[in-house]
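As structure tokens, the structure follows; a few thoughts come after it.
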Amino acid sequence: MADRPALPPSRGRGKNSDAERSFLQLTAHKKKRIGLFGGTFDPIHYGHLRAAEEARLKLSLDQVIFIPAALPPHKQNEPLSDPNHRLEMVERAVAGNVYFSVSEVEITCLEKPSYTVQTVEYFLSRVSVEIFCLMGMDSFREIETWKEYRRLLQLCRVVVVTRPGLPGGSRVSCPPKLKPLFSRSLRDLADSSKRIFILPITGSEVSSTQIRGLARAGQSIRYLLPPEVEEYIQEKGLYENPKSKAQNPI
Ligand code: ATP
């Protein structure tokens, strides 16, 4: 185990000090369970937060770490908000929850684009923990395009949360090649041959795309995301139009 924790400091504001403290404790005890929840979070919304909360409770996770991606490999052709804005919004969204924290590892440390397998390796090289990679069904559908996904599945377990409103329906389908690793029951968590689990959660159709669209149209985004994040979006003029985004650096 390395001497420094994997969670980078939250840029000196001390907002996440409880979360950081609880993360530091991971280094002091025997193997804990952490959930890594990667995404673009442009912006983070209640769909993400509720998924993380239900995963934490149902998997008995000691902590969920949100990891905003700098340049997601599957979104390289889409315009994204500045990573610092996305990071700031996630920090604000999780500030009140000691079980949630944020890592800027993909933004500040890893090569871009960063791949989940590298992020998982980064954490495993620093702390002795069991890792559960949390993702929605839409992300899981693309898993065979992920870099070294077989290796990823050796390093950690993947937990797929249900997500309504997806094109093609929200039915879970596992690629045939991965079926031997797949389980629909969390009772199989103790079975080391099972690496992919489905976690039914309270369904929410909210998406970042929907929020950006509403904000761009000048419509309400209230109750789709935490008020702290809504305030930040308004303060910075995010999503108003591409020009105002460029004019309002963090
Ligand atoms: P966008 O609309 O810009 O594609 P998004 O809402 O899907 O964004 P991401 O940051 O891309 O948000 O998602 C990060 C992870 O969270 C992904 O694995 C995604 O499937 C999952 N996720 C996002 N929204 C939900 C939701 N409402 N319910 C369950 N999972 C979700």
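Residue numbering for the sequence shown follows this note's numbering, beginning at 2 and increasing consecutively.
Even glycine gets a Cβ: it sits at the ideal position worked out from N, Cα and C.
Taking just the CA atoms, how far does residue j sit from residue i?
i    : j    : result
S65  : R151 : What sits at residue 65 in the sequence shown is Val, not Ser. If you take the alpha carbons of V65 and R151, they lie about 23 angstroms apart.
Q235 : A216 : 9 angstroms
G214 : Q155 : 38 angstroms
L58  : P69  : 22 angstroms
P176 : E145 : 8 angstroms
T203 : P165 : 9 angstroms
M90  : V230 : 5 angstroms
L190 : T163 : 18 angstroms
H46  : V161 : 18 angstroms
F183 : G219 : 43 angstroms
R87  : F42  : 6 angstroms
R178 : I108 : According to the sequence as given, residue 178 is Lys; it is not Arg. Answer to the nearest angstrom: the Cα atoms are 32 angstroms apart.
P201 : R188 : 14 angstroms
S208 : D139 : 12 angstroms
Using the beta-carbon count (16 or more within 10 Å), is residue i buried or exposed?
i    : result
Y224 : exposed
K32  : exposed
S104 : buried
G39  : buried
R196 : buried
P84  : buried
S102 : buried
E112 : exposed
R295 : Absent from the structure is residue 295, since the part of the chain shown begins at 2 and ends at 251.
V128 : buried
G97  : exposed
Per DSSP, which one or two residues make a beta bridge with residue i?
i    : result
R223 : DSSP output for R223 lists no bridge partner at all.
E131 : R34
M136 : V161
I197 : V159, F183
Problem - Shell residues, 6 angstroms Cβ cut-off relative to heavy atoms of the ligand ATP - result: In chain order, the hits are G40, T41, F42, D43, G48, H49, A52, M136, G137, D139, S140, V162, R164, S205, V207, S208, S209, T210.
Practice task
Run through the segment 29-74 for me and flag every whole beta strand (DSSP E) of 3 or more residues, listed as ranges in chain order.
Solution key: Within the segment 29-74, the beta strand (DSSP E) runs of at least 3 residues that lie entirely inside it are, in chain order, 33-40, 64-69.
Practice task
Please list the segments of the beta strand (DSSP E) lying wholly inside the segment 84-109, counting only runs of 3 or more residues, in order along the chain.
Solution key: Within the segment 84-109, the complete beta strand (DSSP E) runs of at least 3 residues are 101-103.
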